[in-house]
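J.: If you scroll down you'll find the structure; I have some questions about it.
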Amino acid sequence: EVQLVESGGGLVQPGESLRVSCAASRFTFSDYWMHWVRQAPGKGLVWVSRINSDGSNINYADSVKGRFTISRDNAKNTLYLQMNSLRAEDTAVYYCTRGTLNGFDIWGQGTMVTVSS
Amino acid sequence: DIVMTQSPLSLSVTPGEPASISCRSSQSLLHSNGNNYLDWYLQKPGQSPQQLIYLGSNRASGVPDRFSGSGSGTDFTLKISRVEAEDVGVYYCMEALQSPFTFGPGTKVDIK
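Below, the structure written as structure tokens:
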């Protein structure tokens, strides 16, 4: 079964850093754009970032630009989101999702990031 | 950035009855290639989002045919011909035309 599994979430203090990961399986990871989408508790979905198949094309939401870095390791079939200078408003479930011409067709189960003192 | 709006924001439906959700974008989502870059997603309670409709009107794999998407440009509609209990959750539209991709606020559907 095609699968995305996020990991690395946790509780951090404001200003600290955290890296979340997304492990892909049962598909050719290196063929696809990959995205991060987050959801604050009780709130809606917010797109965060995307990266193309070879990592040469990257975009961010304004709210995370300059603080977050998306990357991928195609040899390890893994997507990353390095989050620096974390703020309380970054508290959310972070989902990775596979991007295709036909939308976001596969989603992970999400990893919770809590930023609190 | 493109702003997405949805209406209604909540909907209570009797099983077997139809339901309709409207989504509007602040800019046209119609590309020069003829595709409308508007997707629909459903997030069931306690679950990750799942894909329903892509490019405005195409059902994703495994999506029941009671779900249909229509519209073009800035006005789109998701219709459920006969709501079932398993359809409860929050429905989101999302523009996929340009980064940053933006989601609508969501429409919460529950069963009467």
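Top line first, the protein sequences correspond to chains A and B. So the first sequence is residues 5 to 121, counted in my numbering. So the second sequence is residues 36 to 147, counted in my numbering. Beta carbons are placed, not taken as given, at the ideal position from N, Cα and C, and that holds for glycine.
To the nearest angstrom, report how far apart G70(A) and R117(B) are at their CA atoms.
T.: In the first sequence, counting from the first residue as 1, residue 70(A) sits at position 66. In the second sequence, counting from the first residue as 1, residue 117(B) sits at position 82. Cα to Cα, G70(A) sits roughly 46 Å from R117(B).
J.: Is the separation between the beta-carbon of S57(A) and that of W37(A) shorter than 9 Å?
T.: Looking up residue 57(A) in the first sequence gives position 53. Looking up residue 37(A) in the first sequence gives position 33. Yes, these two residues count as a Cβ contact at 9 Å.
J.: For the region 83-116 of chain A, which segments carrying the alpha helix (DSSP H) assignment without a break, of at least 4 residues, lie completely within its bounds, in sequence order?
T.: Those alpha helix (DSSP H) runs which fall completely within the region 83-116 of chain A and span 4+ residues do not exist here.
J.: Taking a Cβ distance cut-off of 8 Å, strictly less, list which residues of the region 65-85 of chain B are near chain A, in chain order.
T.: So the list reads D74, Y76, Q78, S83, P84 and Q85, given in the order they occur along the chain.
J.: Sorted by chain position, which residues of the same chain lie with C-beta nearer than 6 Å to S45(B)'s C-beta, five sequence neighbours on each side aside?
T.: Along the second sequence, one-based indexing puts residue 45(B) at 10. Taken in chain order, the residues that qualify are K143.
J.: Given a cut-off of 9 Å, decide if N68(B) and F111(B) are closer than it, judged by their beta-carbon atoms.
T.: Position 76 of the second sequence holds residue 111(B). Position 33 of the second sequence holds residue 68(B). Against a cut-off of 9 Å, the Cβ pair of N68(B) and F111(B) comes out as no contact.
J.: Using the three-state DSSP reduction, which class does E121(B) fall into: helix, strand or coil?
T.: On the second sequence, position 86 is the one that residue 121(B) refers to. The answer is helix: DSSP assigns E121(B) an H, G or I state.
J.: Which residues mark the beginning and the end of the beta strand (DSSP E) in which Q43(A) is found?
T.: The residue given as residue 43(A) occupies position 39 in the first sequence. Counting along the chain, the beta strand (DSSP E) containing Q43(A) begins and ends at W37 to Q43.
J.: Should V6(A) go down as buried or exposed, given a rule of 16 or more other Cβ atoms within 10 Å for buried?
T.: In the first sequence, the residue the question calls residue 6(A) occupies position 2. By the neighbour-count rule (16 or more Cβ atoms within 10 Å), V6(A) is not buried but exposed.
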